[in-house]
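In this note's numbering, the protein residues as written are 19 to 1223.
In this text, a Cβ means the ideal position worked out from N, Cα and C, and glycines have one as well.
Here the structure is a predicted model, which means the values were calculated and not measured.
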């Protein structure tokens, strides 16, 4: 979508006429919404949720097609449709039953129901209520939110909040239990009389239900084509005739029948009606984002959870597959590939079609991922029959419900030369990343497979839709070529195919990836083919006529520099050769080379033009083939001819250039960028990984990064010493006030580079350790029965983080499942395993004392392996362990961790779900309009939000991210209320979908704090900063640089609201930590002391203020030199304050002397003679905190205008 042609979406007021007493409802919809979207909405909203089997008609009674667009039936911005009940089928009756179970809170919503066996404890939990934020207040347009007077009541709350922040203890935020409502029925499930007899089927019976109400009454209910009614059956005798039920008041009997099961149940149970009203009230008191169920997104599984509450019996839960799939489960069976490829084939000629296609692609991809996860877990548990039961367990493959499952091992021997099982395991994720990239490109004539990779209990399961026909045997010689490899290598590179038609289609992919068309050959060199992608990337012809591309694990060249250094064949060598360069690195290399080529060509053309006699300018052209890469460089055997060898050598030189570009350019640039920016201090391992990936650096360079950071620490320390030494020789240059006003800005930079580097180093080392533990656990647990995995996890953590001891293991369990050698390993042995793994994978030797924070490392391991720990206090040292065991307890564990502490193990999932490009394009078009100052830009942004919500749903990380970005834009547009609400909404969704303590949630909290402060919501901002501060204290300790930054941010807010006494307390704490961990003679400590001094001045505590300002002045002289603006200003303030204090002291002495004289002469002189008052230097007396603040922020002072004579 181009910026010049933005799509405008009209809003329509829709009225829906109902067959209910309420008659009709109305709401706004988009003109691009289809009838099926309206029907889906009606099944969700409260007034019509009991309707599931219906059609929508026009006022004339014509049934509207599902694909009909509301804009086509609207008139003057409004439209009316009629909801007409439809007869039930057996399937629609089951769907209705499922919906009613959800409404009465007997069952979680349908989405949750399908995830009951794969979601962990407290999935999607929210901690938003713990923030205790006040509602956003509406600021009058004439008022500046930063300059509004803060009410005394708010100030008192701020004081209480700050007091609690200063004494808060570092405790991890455990997940609240998700909102659960009290069921309105005791039970509702399918009756044992189901299915109906043939005779009853002819009478219209579909299935039978049994229900027990809160009053204790039991009913047998028939699901009929016309609706639902109470029949006369009992538990032991069937009678399908309608039963007359006594009314609630007991005065008469009647036949209970209704089209809606919910309406029928309400007539049978008054307590159901009461409970539904109570549940509705509970929901209305909670913010919807904190409990709503997503439609297209998995919820996060918190790593620290409370134990599950008591489980209640419910026959409906074990009947879930029947309710969803029917008696034979046929409704659950899907051809996922056909469904996904059919969605990709949908037309996209206009916005409506594009949005419908992207919504369906995203939904289908998500539904596939959910089923893939369930199937993968069943495979690990041994609940799926393999297709090749006679093979080795690691080589078994499975086909279930249209999804092909295989383990991440080298079953076919394709990776024998490049690392075997380790190479195959990595290639699975590389292949998935290739699918993600193809989703982004979205070419319409090349098809790829739905893919998901699931890691569970040490096993990696690869889940894919099979190529159509791949498991079918050819029935004739003509069909023998169907469903086989027709492009790329096969049979362990002994065959090489190059179908020209599919090669033309792959050419677009090669151009997008900057791949060079090249010649490749088989292992023995007897077959040479021209191909455009890697020879390991295969093209297949499916029996559905589509061309498929598979095995996308090498869409960029290998990182040859890394391979040659570390894949040496030694015992501690890197475990595999499947190390490729990231696409981000290739893109950055290509961009720089292209820019350089354009520059060189331009200079050459300019020279040619000057030398040309006719003055004609030649055309500017760049040989793009010089900017492409051979993906098979360093992966082929010896070339069969000298010409091929020469060409391959040139290709390999270019690939080597890119490989060096990563380690010698991108990595040092990244460290240089991180060392000067506190904002980029990694929040957790995932945040660090994302930063690396965005800059084109692979995770395998973590060790090189740690070494580079260590080197930079030494260099920075030496450079700082040399700089400080040179400043000692600097002499003071006298300047007038006018010259001082016009001088350059101060060189003050309070970012403590050494501390930032130290935080980066610790985060990097802990990430390597966490990943090393994950790999060791994975290797051990893959050969251990799932039942014993919690024991292995607990023992590992005892050896790494806790008190070593003997775990209590059920002897019967060990006898049945066999001994586990790793449980006999000592603390030193386990640490040695991890250290070796870290060296092998990241080429880094861990120090003797690991620089780790136990709780942080525990959290990182939990996220990487999928562990959910019991929420309790863990003793990480012997002293803590003795203290914990000294408390009264029924049973005292002998170790820090026990198997009972492992509440659940959840799958760690990597998916390839399709993401919308249309929503992104509309968003970027709106931002571009805003930058040009066009008001239509904001409208486009709002429309893009609607597209995000339609494609992804409201509860989705992509939608949440856009909410946050729009909130930032609203700040710039002085739309404070909207900014605050959007920022809050973004955080509420992100913490449920990304994680309570995830980097996304912490960044969202940080943005929210800034937005709240900008709108004058100072109390809320301080609460948010307090939550962020708690995170840093809990996982990193008070020495982390962001703890000091957080305290400073809180103190600045306190200054703004004139709570200077509290600001002094917070600044004093910040100064204390800065002196202790950053250094007393650093620019940060100097700046904090200056800020502390200004708050003391505001409190008229001039002596203490003078001391702090003098110390700040001395620090600036040492760190910035005597001529720096900050030094001059600090010295000036210090001198003026000293003068003021001296004058005030003299004034006090004179006042006391005068008082004594007046006491003696009181009877002689009725009135004292007037004395000239002694006043302090007016300049310091007149200076305000705001002026000092302007100085700190580097803003120039207002110049004094000379009076005209």
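Please determine if the region 909 to 928 and the region 729 to 744 are in contact, where contact requires at least 3 C-beta pairs separated by less than 8 Å. With a cut-off of 8 Å on Cβ pairs, the region 909 to 928 is not in contact with the region 729 to 744, counting fewer than three such pairs.
Reference residue 1032; option with closest CA among 1124, 326, 791, 995: Numbered from 1 along the chain shown, position 1014 holds the residue referred to as residue 1032. Residue 995 is the option with its Cα nearest to residue 1032.
Opening and closing residue of the alpha helix (DSSP H) in which residue 786 lies: One-based indexing of the chain shown puts residue 786 at position 768. 771 to 799 is the span of the alpha helix (DSSP H), which, as asked, contains residue 786.
From this set, 873, 798, 853, 874, which residue's C-alpha is nearest residue 838's C-alpha? In the chain shown, the residue the question calls residue 838 occupies position 820. Nearest C-alpha to residue 838: 798.
Based on the DSSP secondary-structure assignment, which residues constitute the bridge partners of residue 575? Residue 575 sits at position 557 when you count from the first residue of the chain shown. Beta-bridge pairing links residue 575 to no other residue.
Over what stretch of residues does the alpha helix (DSSP H) that includes residue 828 continue unbroken? Here residue 828 is taken as the residue at index 810 of the chain shown, counted from 1. Following the DSSP letters along the chain, one finds residue 828 in no alpha helix (DSSP H), marked with neither H nor E.
Status (buried if at least 16 other CB within 10 Å, exposed otherwise) for residue 830: Stepping through the chain shown from its first residue, residue 830 is reached at position 812. Under this definition residue 830 is an exposed residue.
Within 8 Å, do at least three Cβ pairs link the region 61 to 76 to the region 90 to 106? For the pair of segments examined, the region 90 to 106 was found to touch the region 61 to 76: the number of CB pairs separated by less than 8 Å reaches three.
Alpha carbon of residue 405 to alpha carbon of residue 964, nearest angstrom: Stepping through the chain shown from its first residue, residue 405 is reached at position 387. Stepping through the chain shown from its first residue, residue 964 is reached at position 946. Distance from the CA of residue 405 to the CA of residue 964, rounded to the nearest whole angstrom, comes to 45 Å.
Within the same chain, show all residues whose beta-carbon is closer than 8 Å to that of residue 612, passing over the 5 residues directly before and after it, in chain order. For the purposes of this step, residue 612 is taken as residue 594 along the chain shown, with counting starting at 1. So the qualifying residues of the chain are 640, 645.
Residue burial classification, residue 459 (beta-carbon count within 10 angstroms, cutoff 16): On the chain shown, residue 459 is found 441 positions in, with the first residue counted as 1. Residue 459 counts as exposed, since fewer than 16 other beta carbons sit within 10 angstroms of its beta carbon.
Taking the alpha carbon of residue 660 as the reference point, which residue from 398, 1053, 543, 555 has its own alpha carbon closest? Here residue 660 refers to the residue found at position 642 of the chain shown. Of the candidates 398, 1053, 543, 555, 543 places its Cα closest to the Cα of residue 660.
Terminal residues of the continuous beta strand (DSSP E) containing residue 505? Here residue 505 is taken as the residue at index 487 of the chain shown, counted from 1. Per DSSP, residue 505 belongs to the beta strand (DSSP E) from 503 to 508.
Closest by C-alpha distance to residue 55, when choosing among 1166, 971, 1139: The count along the chain shown starts at 1 and reaches residue 55 at position 37. With distances taken between Cα atoms, residue 55 lies closest to 971.
Cα separation between residue 782 and residue 720? The residue labelled residue 782 in the question sits at position 764 within the chain shown. The residue labelled residue 720 in the question sits at position 702 within the chain shown. Cα-Cα distance, rounded: 6 Å.
Please go through the same chain and pick out, in chain order, the residues whose beta-carbon is closer than 8 Å to the beta-carbon of residue 541, but skip the five residues on each side of it. Counted from its first residue, the chain shown places residue 541 at position 523. If we look at residue 541 and ignore the five residues flanking it on each side, its Cβ neighbours are 510, 511, 512, 655.
Pull up the CB-CB distance for residue 775 and residue 693, whole angstroms please, since I reckon it's below 8 Å. Against the chain shown, residue 775 aligns to sequence position 757. Against the chain shown, residue 693 aligns to sequence position 675. Contact holds; Cβ gap of about 5 Å.
Meets three-Cβ-pair contact criterion under 8 Å: the region 572 to 586 and the region 461 to 474: Contact check between the region 572 to 586 and the region 461 to 474: fewer than three CB pairs, one atom from each, fall below 8 Å, which does not count as touching.
To the nearest angstrom, how far is it from the Cα of residue 175 to the Cα of residue 1111? Position 157 of the chain shown, counted from the first residue, corresponds to residue 175. Position 1093 of the chain shown, counted from the first residue, corresponds to residue 1111. If you draw a straight line from the Cα of residue 175 to the Cα of residue 1111, it is about 25 Å long.
Please determine, among 187, 997, 1020, the residue with the shortest C-alpha to C-alpha distance to residue 1008. The sequence position of residue 1008 within the chain shown is 990, counting from 1. That would be 1020, whose Cα lies nearest to the Cα of residue 1008.
Report yes or no: do three or more beta-carbon pairs, one from the region 291 to 298 and one from the region 987 to 994, lie closer than 8 Å? With the cut-off at 8 Å, the region 291 to 298 and the region 987 to 994 do not touch.
Considering only residues of the same chain and omitting the five flanking positions on each side of residue 249, which have a CB-CB separation below 8 Å? One-based indexing of the chain shown puts residue 249 at position 231. Excluding sequence neighbours, residue 249 sits near 226, 238, 239, 240, 257, 258, 259, 260, 261.
Evaluate residue 1185 with the Cβ neighbour count: other Cβ atoms within 10 Å of its Cβ, from every protein chain shown; 16 or more gives buried, anything less gives exposed. Counting from one through the chain shown, the residue named residue 1185 turns up at place 1167. A caution first: residue 1185 carries a pLDDT of 34, below 50, which makes its placement in the model unreliable, though a value can still be read off. The residue is exposed, with fewer than 16 neighbouring Cβ atoms inside 10 Å.
Where DSSP assigns a beta bridge to residue 548, which residues make up the other side? Start at 1 with the first residue of the chain shown, and residue 548 comes out as number 530. In the DSSP output, where bridge partners are listed per residue, residue 548 has 537.
For residue 531 and residue 574, believed in contact at Cβ under 8 Å, the rounded distance: Stepping through the chain shown from its first residue, residue 574 is reached at position 556. Stepping through the chain shown from its first residue, residue 531 is reached at position 513. Distance from residue 574 to residue 531 at the Cβ level is roughly 7 Å; contact confirmed, criterion being Cβ atoms closer than 8 Å.
Roughly how many angstroms separate the alpha carbons of residue 1082 and residue 187, rounded to a whole number? For the purposes of this step, residue 1082 is taken as residue 1064 along the chain shown, with counting starting at 1. For the purposes of this step, residue 187 is taken as residue 169 along the chain shown, with counting starting at 1. Straight through space, the alpha carbons of residue 187 and residue 1082 are spaced by roughly 21 Å.
Just verifying my parser: in three-state terms, what is the DSSP assignment at residue 249? On the chain shown, position 231 is the one that residue 249 refers to. In the three-state reduction of the DSSP assignment, residue 249 falls in the strand class, which pools E and B.
Check the DSSP bridge columns for residue 471 and list the partner residues they point to. For the purposes of this step, residue 471 is taken as residue 453 along the chain shown, with counting starting at 1. In the DSSP secondary-structure assignment, residue 471 is bridged to 480, 928.
Hey, residue 816 and residue 913: beta-carbon distance below 7 Å or not? Here the question's residue 816 lines up with position 798 in the chain shown. Here the question's residue 913 lines up with position 895 in the chain shown. In this structure, residue 816 lies near residue 913, with their beta-carbon atoms less than 7 Å apart.
How many whole angstroms separate the CB atoms of residue 466 and residue 456, which I take to be in contact at a CB cut-off of 8 Å? Along the chain shown, read from residue 1 onward, the residue named residue 466 stands at position 448. Along the chain shown, read from residue 1 onward, the residue named residue 456 stands at position 438. Confirmed, about 5 Å.
How many Å lie between residue 36 and residue 60 at the Cα? Translated into the one-based positions of the chain shown, residue 36 becomes position 18. Translated into the one-based positions of the chain shown, residue 60 becomes position 42. One C-alpha to the other measures close to 11 Å.
Own chain residues within Cβ distance below 7 Å of residue 997, not counting five before or after: Here residue 997 is taken as the residue at index 979 of the chain shown, counted from 1. Once the five neighbours on either side are set aside, the close Cβ partners of residue 997 are 985, 988, 989, 1029, 1033.
Can you tell me where the alpha helix (DSSP H) with residue 887 in it begins and where it stops? Within the chain shown, numbered from 1, the residue matching residue 887 stands at position 869. Residue 887 -> not in any alpha helix (DSSP H); beta strand (DSSP E) instead, spanning 885 to 888.
Residue 534, buried or exposed, once every other Cβ within 10 Å from all chains shown has been counted against 16: As a working mapping, residue 534 is identified with position 516 in the chain shown. Burial of residue 534 is indicated by the presence of at least 16 other C-beta atoms within 10 angstroms of its C-beta.
The region 1056 to 1067 touching the region 1090 to 1103, judged by at least three CB pairs closer than 8 Å: Three or more beta-carbon pairs drawn from the region 1056 to 1067 and the region 1090 to 1103 are found closer than 8 Å, and the two stretches are therefore classed as touching.
With 16 other CB atoms within 10 Å as the buried threshold, where does residue 770 fall? Taking the chain shown and counting its residues from 1, one reaches residue 770 at position 752. Of the residues assessed, residue 770 falls on the buried side of the cut-off, its CB having 16 or more other CB atoms within 10 angstroms.
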